[in-house]
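Structure record follows, encoded as structure tokens.
In the UniProt record's numbering, the protein residues as written are 1 to 256.
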């Protein structure tokens with residue numbers, strides 16, 4: 001195993017944009033799920049990109065090589081549950097022509113002359129199990145001090161968000177009838193804030209920062225006076241790509 005500490009996703013993207021990394025292998029990552037979406041898209045256009053995917057995405061649009069991989073129903077594997085226990089499953093579709101991502105990575109390694117001999121999911125599972133628990137030196141714990149609460153002016157709030165079950169997710173593309181059953185995209189503010197900016201439920205408000213602006217119908221509900229909620233990735237409310245922040249950032253909230 002490499003002794004050096006690996007890069008985080010942000011560090012990898014920064015290294016590509018700095019010219020330190022020239023190629024990327026990307027599997028199952030959507031730039032629109034990252035808070036540095038614009039920087040990530042720039043990096044993907046700079047690098048030589050090999051994409052392992054089950055559906056068209058923002059990565060496959062700019063990738064130099066796209067390798068279709070088996071979906072979860074087409075391969076065996078395991079998931080870790082909330083207690084970190086592995087729960088194995090078998091392939092539900094036995095006659096799929098798609099190869100698993102581990103098989104494709106093993107084939108790429110063979111072509112590079114760096115054979116890893118992991119041609120099947122079970123072989124990969126055995127390899128991981130053979131590593132056993134870590135018995136080396138432990139990383140030193142470094143405490144991170146809590147950030148001071150943001151100082152907000154009367155027209156500012158902290159953005160908070162999560163993804164809705166039906167939104168602009170990649171696997172929902174092409175399902176127009178399903179999308180038609182999605183809940184209305186709204187922003188939620190408190191009664192006190194609604195009064196201060198002169199809006200009622202159904203009016204439109206603007207949520208903005210230095211990067212961008214989102215305009216949505218407002219829903220006045222029981223929420224903290226210093227917060228504004230909006231869907232993370234719904235039609236008209238793609239916060240990460242528009243604002244570059246979906247939780248905890250300071251935004252301006254005014255009547256549109």
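By construction, the Cβ of each residue, glycine as well, lies at the ideal position given by its N, Cα and C atoms.
Reduced DSSP secondary structure (H/G/I, E/B, other) of residue i
i           : result
residue 67  : strand
residue 255 : strand
residue 96  : coil
residue 191 : helix
residue 221 : coil
residue 160 : strand
residue 116 : coil
residue 138 : coil
residue 87  : strand
residue 257 : Nothing about residue 257 can be reported from this structure: the residues present for the chain run from 1 to 256 only.
residue 74  : helix
residue 153 : coil
residue 5   : coil
Whole-number beta carbon distance between residue j and residue i, since they are thought to touch under 8 Å
i           : j           : result
residue 102 : residue 124 : 5 Å
residue 247 : residue 161 : 6 Å
residue 233 : residue 169 : 7 Å
The beta strand (DSSP E) enclosing residue i, as first and last residue numbers
i           : result
residue 24  : 23-27
residue 173 : No beta strand (DSSP E) contains residue 173, which DSSP labels as neither H nor E.
residue 80  : 77-80
residue 126 : First-last for residue 126: 121-131, but that is the alpha helix (DSSP H), not the beta strand (DSSP E).
residue 227 : 227-229
Per-residue burial, residue i [other beta carbons within 10 Å of its own, 16 or more giving buried]
i           : result
residue 238 : buried
residue 53  : buried
Rounded C-alpha distance that separates residue i from residue j
i           : j           : result
residue 51  : residue 181 : 32 Å
residue 33  : residue 224 : 25 Å
residue 60  : residue 31  : 11 Å
residue 155 : residue 192 : 12 Å
residue 139 : residue 63  : 36 Å
N-terminal and C-terminal residue of the alpha helix (DSSP H) that residue i is part of
i           : result
residue 13  : 9-17
residue 204 : Counting along the chain, residue 204 falls outside any alpha helix (DSSP H), though it belongs to the beta strand (DSSP E) covering 204-208.
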